[in-house]
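Order-wise, the sequence lines are chains A, B and C. Numbering-wise (numbering that gives the first Met the number 0), the first sequence opens with residue 0 and increments by one. Numbering-wise (numbering that gives the first Met the number 0), the second sequence opens with residue 0 and increments by one. Numbering-wise (numbering that gives the first Met the number 0), the third sequence opens with residue 0 and increments by one. The C-beta atom is built at its ideal place from N, Cα and C for all residues, glycine as well. Fair warning: this is a prediction, and the values are worked out from it, not measured in the lab. Below you'll find the structure, written out as C-alpha cells, and then a few comments.
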Amino acid sequence: MTVTRGRPLRGEPEELDIRLRADASSRRPVLLAFGSAIVWLLIGSAFGDVASLKMHLPDWANDAAWLTFGRIRPAHLNTMIYGWASLAMLGVSLWMIPRLVHTELRFGRLAEVGIVLWNIGLVLGIAGLLSGRSDGLEWLEMRRTFADPWFVVGGALVGLTLLVTLMLREVGHLYVSVWYIMASYLWFPVIFIVGNWPTWRGVESAATNWFYAHNALGLWLTAINLGAAYYFIPKVLGRPIHSYQLSLLGFWALAFFYALNGMHHLIGGPVPEWMITTSIVASVLMVIPVLAVAVNHHMTMIGRFGALRYSPTLRFVVLGAIAYTAVSLQGMLTALREVNRITHFTQWTIAHSHVGVYAFVTFVLFGSMYYIMPRLVRREWPSARLIRWHFWLVLSGIAIYVISLTIVGVMQGLALLDPQTPFRRAVEVTIPGLWVRSFAGLLLTAGHLVFATHYWMMTRGTRRAPESPPFHEVRPILYAPAGEIVEEVAR
Amino acid sequence: MFPSSLVVVLTGLGFGLLALAAFAWGWRRGQYRDLSAQARVIFDARDMRLDRPWETAQQRAERAREFGALEPAPPGEWGEGRSSDEGSAR
Amino acid sequence: MTRAWLLMLGALAAVGFATLILVVVPALMLVDVPRPPQLRPYTLQQARGRAVYIANGCIYCHSQQVRDPAFTTDVDRGWGSRASVPADFVYDRPHLVGTMRTGPDLLNVGQRLPDANWQLIHLYQPRSVVPWSIMPSFPFLFEVRDSSALPRGARMVNVTGRHAPPRGKVVVASADAVALVEYLLSLERDYPVPRVAGRSVAAGGRTVHTMP
Numbered sequence: 000m001t002v003t004r005g006r007p008l009r010g011e012p013e014e015l016d017i018r019l020r021a022d023a024s025s026r027r028p029v030l031l032a033f034g035s036a037i038v039w040l041l042i043g044s045a046f047g048d049v050a051s052l053k054m055h056l057p058d059w060a061n062d063a064a065w066l067t068f069g070r071i072r073p074a075h076l077n078t079m080i081y082g083w084a085s086l087a088m089l090g091v092s093l094w095m096i097p098r099l100v101h102t103e104l105r106f107g108r109l110a111e112v113g114i115v116l117w118n119i120g121l122v123l124g125i126a127g128l129l130s131g132r133s134d135g136l137e138w139l140e141m142r143r144t145f146a147d148p149w150f151v152v153g154g155a156l157v158g159l160t161l162l163v164t165l166m167l168r169e170v171g172h173l174y175v176s177v178w179y180i181m182a183s184y185l186w187f188p189v190i191f192i193v194g195n196w197p198t199w200r201g202v203e204s205a206a207t208n209w210f211y212a213h214n215a216l217g218l219w220l221t222a223i224n225l226g227a228a229y230y231f232i233p234k235v236l237g238r239p240i241h242s243y244q245l246s247l248l249g250f251w252a253l254a255f256f257y258a259l260n261g262m263h264h265l266i267g268g269p270v271p272e273w274m275i276t277t278s279i280v281a282s283v284l285m286v287i288p289v290l291a292v293a294v295n296h297h298m299t300m301i302g303r304f305g306a307l308r309y310s311p312t313l314r315f316v317v318l319g320a321i322a323y324t325a326v327s328l329q330g331m332l333t334a335l336r337e338v339n340r341i342t343h344f345t346q347w348t349i350a351h352s353h354v355g356v357y358a359f360v361t362f363v364l365f366g367s368m369y370y371i372m373p374r375l376v377r378r379e380w381p382s383a384r385l386i387r388w389h390f391w392l393v394l395s396g397i398a399i400y401v402i403s404l405t406i407v408g409v410m411q412g413l414a415l416l417d418p419q420t421p422f423r424r425a426v427e428v429t430i431p432g433l434w435v436r437s438f439a440g441l442l443l444t445a446g447h448l449v450f451a452t453h454y455w456m457m458t459r460g461t462r463r464a465p466e467s468p469p470f471h472e473v474r475p476i477l478y479a480p481a482g483e484i485v486e487e488v489a490r
Numbered sequence: 000m001f002p003s004s005l006v007v008v009l010t011g012l013g014f015g016l017l018a019l020a021a022f023a024w025g026w027r028r029g030q031y032r033d034l035s036a037q038a039r040v041i042f043d044a045r046d047m048r049l050d051r052p053w054e055t056a057q058q059r060a061e062r063a064r065e066f067g068a069l070e071p072a073p074p075g076e077w078g079e080g081r082s083s084d085e086g087s088a089r
Numbered sequence: 000m001t002r003a004w005l006l007m008l009g010a011l012a013a014v015g016f017a018t019l020i021l022v023v024v025p026a027l028m029l030v031d032v033p034r035p036p037q038l039r040p041y042t043l044q045q046a047r048g049r050a051v052y053i054a055n056g057c058i059y060c061h062s063q064q065v066r067d068p069a070f071t072t073d074v075d076r077g078w079g080s081r082a083s084v085p086a087d088f089v090y091d092r093p094h095l096v097g098t099m100r101t102g103p104d105l106l107n108v109g110q111r112l113p114d115a116n117w118q119l120i121h122l123y124q125p126r127s128v129v130p131w132s133i134m135p136s137f138p139f140l141f142e143v144r145d146s147s148a149l150p151r152g153a154r155m156v157n158v159t160g161r162h163a164p165p166r167g168k169v170v171v172a173s174a175d176a177v178a179l180v181e182y183l184l185s186l187e188r189d190y191p192v193p194r195v196a197g198r199s200v201a202a203g204g205r206t207v208h209t210m211p
C-alpha cells in the first residue's frame, strides 16, 4: 500500500492491515449482535410506551392477560437490559477487543452461536413473562429453568471467544478498556448465578436480589460502557486520556466499591442494619471512581468541546459519560438515609434508573455504534440528517422523561412521608408527570425508529453515495481535497 | 453476632491480601511503568495526523509539530453521516 | 498492564469479596432466623395465590415492608404497628418486599382489608371501590356469566354501580382470583417480634420500635 504524496508513513501498512483484519474478523458477530439489539430496542420501546400509558389509563387494554401492566413492565425492563443493552454491549466488546489487542477475533463463529443462543433465551424469557411465567425477582424475572441457561451459555461463548483472542494477542500492553470489558465477562456470570440461585428465601432473597441487580448495573452495564467511553473519547479527539494513573485507580475502586452497593435499594427494609450501612458507605465511596472518570474525561475534552458538533460518536459518548457522573452523584445522594426517606418507592427512582440505563448506557451504545458501523460495512452513514433527528429526539425525550418524573417523584415522596396526607394525594400528584413521561417515551421511540431505519439503510446500502466506492472493493480510491489520489486507508 | 466470625474475618482479609499481593507483584514486574505510553496504545501515527475540523489553528499547529503534516479525514471518520446538501457540515 | 491473568484475578477478588460480605455472611447469619409461632406457612391456596401475585407483577406497584417508625412514617400511616423484621419473611421464596409504592404497602393488608368480597371486587375493577385508583383492572381473572347457568360452587362477585355486569349476568371469580385473595388475606405480620435469646438477628440487628 503506497501513498503518492511525499512523506513516508512510519509503520503504517502493518497497523492499517491489522485494523482491517480485526474489523473483518469481528464483522459477522458484531453485525448480528447490533442487528438483534436494535430489534429488541424497538420491541422494548413498544413495551415501555404501553406500560407508561397504562399507568394513567388504567382501564386500557386489560382484557388480555399478557397486556396487563404487571407483565408488560418487566417485559420492558428485561427486553431493554438483556435485549437492547446487553446485545449491543456484546457487539461493542467483540469489535473493541480485537482492535485493542491488535489480533483477529478467534472463533468468531462461536461468538455468533453465543449471540443466537442469547436471542433464543430472550424470546423464551420474554414470552414466558407475558404468559405469567416469572421468577418474581426484579431484574431476574426470566425463568431460571427455561430462559436463563441460554444467557449463561451464550454469554460464556462470547466471553470465551474474547478470552482466547486476548490470550493469543500480539500486543503487550492492555489498554484500560480491555480491563473493563474482560472483567465484566467474569463478573456477570458470577452475579447472575448468585442472584438466580433458587434456594434463597426471605430477607436473604431480598439481599441477593439487589446484590445482583445493582451489580448488573455496575459490573456489567457500567463497566463495558466505561470501557467504550475510555476508548472513543480519546480516539476521536486524537488525544490520549488525561491521566492513565487515574483510570487505574478508577477501575479498581469501581471493582471494590461498586459490588458492595446493592443494599442501598433496601434502605429501611428488613435486611440487617450492618449490611445496609455497608452499602451506604460503599455508595459514598463511589465518589472516588466516579470523580476519577469525570476528571479524566473532562480534562481530555477540554478545549475541544467543539468536536461535539462534528462527531455523533463524541456527542453521544460524552453526554453519556456526563450522565454517568450525574446518575452516580444522584445515587450517592439518595443512598443517604435522610434523602432516601423521601425518594424511596417513588417515581424518582424510575427517573434515576433511566438516567443510568438510558442517558448513560444507551447513549454510549449509540455513540459506539455510530463509530463502529462505518468500519464494519466499509461505508459512511448514509444520512447526516437522520443522525440529527435521532439525536435530538432521544435527547429531548430523555430530558423530559427525567425532569418530569423527578419532580413528581419528590412530590410523591413528600406526600407519602406525611401521615396526615391521604395516600390518594401521593397517587394524584404523579398523574401529570405520568402523562408527560408517556409523551417523552413516544419521543424516544420515534428516535429509535429513526435510528433503526438508518441502521437498516446502512447495512442494505440502499443509499449509495455516487462518489463512494462500492463497498466490496478492499482498496477503493478516495479523492483528497487537493485533487490528489490517495489509496484507501483503514479508519 | 457473627457465627464463626474468625473464619469470616480471615477470609475477608485473605481476599484483601490477595488483591494487595497481586498489585505488589504487578508493581514489581513493571506493570505500572510508563503509563503514558500505555495511554497511547490505541493510536497509530495516522490517527494523530488526521485534520480535525473542530481544532483551533493553534491545536492544529501543535499536532502537526508533534506528528507531521496533517491529512484530511475520510468521510464518516467521526461517525457522521453524509450530508446531501452543503459540504461544510463535515 | 500486560498480564491478563493478573487483571482477572483482581476482578475475581473484588466480586468474591463483595459476595462474601453481602451474600455468604448474611446467609450464615440468617440461618438462625426463628419461625414465629404466630406465622403459619402458606397453605396450598395461599401459595397458589402468591404465584398469581408474582405472575401478574403486583410487586411493581406494591411493597411488603413496614419501615422503622424512628426512620419514617409507615407505622403512622397505618400500614403496620411495628417495623417488619427478617422473621416475618421466613416462608417467602422469593421475597416480595418491593421497591415501588404506586399503590399502598401490603404487608398487613389482610388485617387492614379482611373482607374477601371487597378484595374480589377491587381486583375485578379497582375504581368501583376506590375511584381515584390507577391500579389496572384484572378482568381476565374473572368471567362474566349468565346468572342462570352458573356451575356449582361458583364464587360470585357483587360488583355494583357503573362497572356492574349487564342484567342477567354475574361476575364470577376464577380459581386464580380466589387464591390471590386468600393470599392477600394471609398478609398479616403484626404479632410481637419473636425473641431469640442472645441474638438480635430476629430484628435485623436493630431496636424494633412499636406503636405505644
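- Message: Please give the ranges of any alpha helix (DSSP H) in the segment 82-167 of chain A, keeping only runs that are unbroken, at least 4 residues long and fully inside the region.
- Response: Considered as a whole, the segment 82-167 of chain A harbours 85-99, 107-129, 147-166 as its complete alpha helix (DSSP H) runs of no fewer than 4 residues, in chain order.
- Message: Under DSSP, the alpha helix (DSSP H) around A/Val326 begins and ends at which residues?
- Response: For the purposes of this step, residue 326 of chain A is identified with residue 327 of the first sequence, where counting begins at 1. Counting along the chain, the alpha helix (DSSP H) containing A/Val326 begins and ends at 311-334.
- Selected residue, minimal CA-CA separation from C/Ala178, among C/Ala50, C/Pro165, C/Val65, C/Ser127: As a working note, residue 178 of chain C is residue 179 in the third sequence. C/Ala178 has its Cα closest to that of C/Ala50, out of C/Ala50, C/Pro165, C/Val65, C/Ser127.
- Task: Using three-state DSSP, classify A/Trp59 as helix, strand or coil.
- Result: Numbered from 1 along the first sequence, position 60 holds the residue referred to as residue 59 of chain A. In the structure shown, A/Trp59 sits in coil (DSSP, three-state: anything other than H, G, I, E or B).
- Cutoff 7 Å; reference A/Pro97; Cβ partners in own chain excluding five residues on either side: Indexing the first sequence from 1 puts residue 97 of chain A at position 98. Hits under 7 Å: Ala21, Ser24, Ser25, Glu103, Leu104, Thr164.
- Query: Which bits of chain B does C/Leu29 rub up against, with CB to CB less than 7 Å?
  - Reply: The residue you call residue 29 of chain C lines up with position 30 of the third sequence. In chain order: nothing, as chain B lies at least about 10 Å away.
- Message: Please give the ranges of any alpha helix (DSSP H) in the segment 153-197 of chain C, keeping only runs that are unbroken, at least 4 residues long and fully inside the region.
- Response: The segment 153-197 of chain C contains these whole alpha helix (DSSP H) runs: 174-184.
- Measuring only between beta-carbons, confirm whether A/Glu379 sits less than 9 Å from chain B. Residue numbering aside, residue 379 of chain A sits at position 380 when the first sequence is read from its first letter. With 9 Å as the cut-off, A/Glu379 counts as an interface residue toward chain B.
- Message: Check whether chain B comes within 9 Å of A/Ala419, counting only Cβ atoms and requiring the distance to be less than that.
- Response: If you number the first sequence from 1, residue 419 of chain A lands on position 420. According to the sequence as given, residue 419 of chain A is Gln; it is not Ala. For A/Gln419, the answer is no, since every Cβ of chain B falls outside 9 Å of its Cβ.
- Query: If you check the beta carbons only, do A/Gly267 and C/Gln64 fall under 9 Å apart?
  - Reply: Indexing the first sequence from 1 puts residue 267 of chain A at position 268. Indexing the third sequence from 1 puts residue 64 of chain C at position 65. Between A/Gly267 and C/Gln64, the gap from beta carbon to beta carbon is short of 9 Å.
- Task: Have a look at the DSSP bridge pairing and note the partners of C/Glu142.
- Result: Position 143 of the third sequence, counted from the first residue, corresponds to residue 142 of chain C. In the DSSP output, where bridge partners are listed per residue, C/Glu142 has C/Val171.
- Message: Quick check on this structure: which residue in C/Asp91, C/Arg161, C/Ala174, C/Arg166 has the alpha carbon closest to the alpha carbon of C/Gly152?
- Response: Translated into positions along the third sequence, residue 152 of chain C becomes position 153. Closest in C-alpha terms to C/Gly152, from the list C/Asp91, C/Arg161, C/Ala174, C/Arg166, comes C/Ala174.
- For C/Thr18, go through chain A and note every residue whose CB falls closer than 9 Å to its CB, in chain order. One-based indexing of the third sequence puts residue 18 of chain C at position 19. The answer, in chain order, is Val189, Ile190, Val193, Phe210, Ala258.
- Item | Min CB distance C/Gly15 to chain B below 9 Å | Walking along the third sequence from the start, residue 15 of chain C turns up at place 16. Closer than 9 Å to some Cβ of chain B, the Cβ of C/Gly15 qualifies, so yes.
- Query: At which residues does the alpha helix (DSSP H) containing A/Glu427 begin and terminate?
  - Reply: The residue labelled residue 427 of chain A in the question sits at position 428 within the first sequence. Segment 422-427, the alpha helix (DSSP H) holding A/Glu427.
- Message: To the nearest angstrom, how far is the alpha carbon of A/Leu313 from that of A/Val235?
- Response: As a working mapping, residue 313 of chain A is identified with position 314 in the first sequence. As a working mapping, residue 235 of chain A is identified with position 236 in the first sequence. One C-alpha to the other measures close to 7 Å.
- What separation, rounded to the nearest whole angstrom, lies between the Cα atoms of A/Ala464 and A/Ile371? To locate residue 464 of chain A, count along the first sequence from 1; it is residue 465. To locate residue 371 of chain A, count along the first sequence from 1; it is residue 372. Model confidence at A/Ala464 stands at a pLDDT of 45, short of 50, so the residue's coordinates are unreliable; what they give is reported in the following sentence. Per the coordinates, the alpha-carbon of A/Ala464 lies some 19 Å from the alpha-carbon of A/Ile371.
- Message: Can you pull out the residues from the segment 70-83 of chain B whose beta carbon lies closer than 7 Å to at least one beta carbon of chain A?
- Response: Answer in chain order: Pro71, Pro73, Pro74, Gly75, Glu76, Trp77, Gly78, Glu79, Gly80, Arg81, Ser82.
- Query: Residues of chain C with a CB under 9 Å from the CB of A/Ala64: which are they?
  - Reply: Working through the first sequence from its first residue, we reach residue 64 of chain A at position 65. Going along chain C in sequence order, the residues near A/Ala64 (Cβ under 9 Å) are Ala54, Asn55, Phe137, Phe139, Leu140.
- Using 9 Å as the limit for Cβ to Cβ distance, is A/Ile386 near chain B? Residue mapping note: residue 386 of chain A aligns to position 387 of the first sequence, counting from 1. It does; some Cβ of chain B falls within 9 Å.
- Query: For a contact meaning CB atoms closer than 8 Å, what does A/Ile223 contact in chain B?
  - Reply: Against the first sequence, residue 223 of chain A aligns to sequence position 224. Correct list: empty, because the minimum Cβ distance to chain B is about 16 Å.
- Query: Any C-beta of chain A sitting closer than 9 Å to the C-beta of C/Gly160?
  - Reply: Here residue 160 of chain C refers to the residue found at position 161 when the third sequence is read from its first residue. No, because no Cβ of chain A sits closer than 9 Å to the Cβ of C/Gly160.
- Looking at the structure shown, is A/Thr251 part of a helix, part of a strand, or coil, going by DSSP? Taking the first residue of the first sequence as position 1, residue 251 of chain A is located at position 252. It is worth fixing the name first, because residue 251 of chain A is Trp in this sequence and not Thr. Helix at A/Trp251.
- Message: I need the straight-line Cα distance from A/Gly113 to C/Pro165, nearest angstrom please.
- Response: Residue mapping note: residue 113 of chain A aligns to position 114 of the first sequence, counting from 1. Residue mapping note: residue 165 of chain C aligns to position 166 of the third sequence, counting from 1. The alpha-carbon separation between A/Gly113 and C/Pro165 amounts to approximately 54 Å.
- Where does the unbroken alpha helix (DSSP H) through C/Ala10 begin, and where does it stop? For the purposes of this step, residue 10 of chain C is identified with residue 11 of the third sequence, where counting begins at 1. According to the DSSP assignment, C/Ala10 belongs to the alpha helix (DSSP H) that extends over 3-18.
- Message: With a threshold of 9 Å between beta carbons, is A/Asn61 in contact with chain C?
- Response: Along the first sequence, one-based indexing puts residue 61 of chain A at 62. Closer than 9 Å to the CB of A/Asn61 there is at least one CB belonging to chain C.
- Message: When you compare the CB of C/Ala176 with every CB in chain B, is at least one pair closer than 9 Å?
- Response: The sequence position of residue 176 of chain C within the third sequence is 177, counting from 1. Chain B, which has no Cβ nearer than 9 Å to the Cβ of C/Ala176, makes this no.
- Is the beta carbon of A/Glu203 less than 9 Å from the beta carbon of C/Ala26? In the first sequence, residue 203 of chain A corresponds to position 204, counting from 1. In the third sequence, residue 26 of chain C corresponds to position 27, counting from 1. With contacts defined by Cβ atoms closer than 9 Å, A/Glu203 and C/Ala26 form a contacting pair.
- In the segment 44-64 of chain B, which residues sit with their C-beta less than 9 Å from some C-beta in chain A, listed in chain order? Near chain A, meaning a CB-to-CB distance below 9 Å, the residues of the segment 44-64 of chain B are Ala44, Arg45, Asp46, Met47, Arg48, Leu49, Arg51, Pro52, Trp53, Glu54, Thr55, Gln58, Arg62.
- Query: Which term fits C/Leu85, buried or exposed, when burial requires 16 or more other beta carbons within 10 angstroms of its beta carbon?
  - Reply: In the third sequence, counting from the first residue as 1, residue 85 of chain C sits at position 86. In the sequence on display, residue 85 of chain C carries Pro and not Leu. For C/Pro85, the number of other beta carbons within 10 angstroms of its own is at least 16, and it is reported as buried.
- Message: Am I right that C/Ala46 and C/Leu122 are in contact with their C-beta atoms under 8 Å? What's the rounded C-beta distance?
- Response: Translated into the one-based positions of the third sequence, residue 46 of chain C becomes position 47. Translated into the one-based positions of the third sequence, residue 122 of chain C becomes position 123. With 8 Å as the limit, C/Ala46 and C/Leu122 do not qualify as a contact, their Cβ atoms being about 18 Å apart.
- Looking at the structure shown, is A/Pro188 part of a helix, part of a strand, or coil, going by DSSP? Here residue 188 of chain A refers to the residue found at position 189 when the first sequence is read from its first residue. Helix, per DSSP.
- Task: Mind listing, in chain order, the continuous beta strand (DSSP E) runs of no fewer than 3 residues lying wholly within the segment 320-408 of chain A?
- Result: For the segment 320-408 of chain A, there is no continuous beta strand (DSSP E) assignment of 3+ residues that stays within its boundaries.
- With A/Val292 and A/Ala325 assumed to form a contact (beta carbons below 8 Å), what rounded beta-carbon distance in angstroms separates them? By one-based count along the first sequence, residue 292 of chain A stands at place 293. By one-based count along the first sequence, residue 325 of chain A stands at place 326. About 12 Å; that fails the 8 Å criterion.
- Query: Closest Cβ-Cβ distance between C/Asp5 and chain B: below 9 Å?
  - Reply: As a first step, residue 5 of chain C is located in the third sequence; it is residue number 6 there, counting from the start. For the sequence presented, residue 5 of chain C should be read as Leu rather than Asp. Closer than 9 Å to some Cβ of chain B, the Cβ of C/Leu5 qualifies, so yes.
- Residue(s) in a DSSP beta bridge with B/Glu70: As a position in the second sequence, residue 70 of chain B is number 71, starting the count at 1. Answer is B/Leu49, bridged to B/Glu70.
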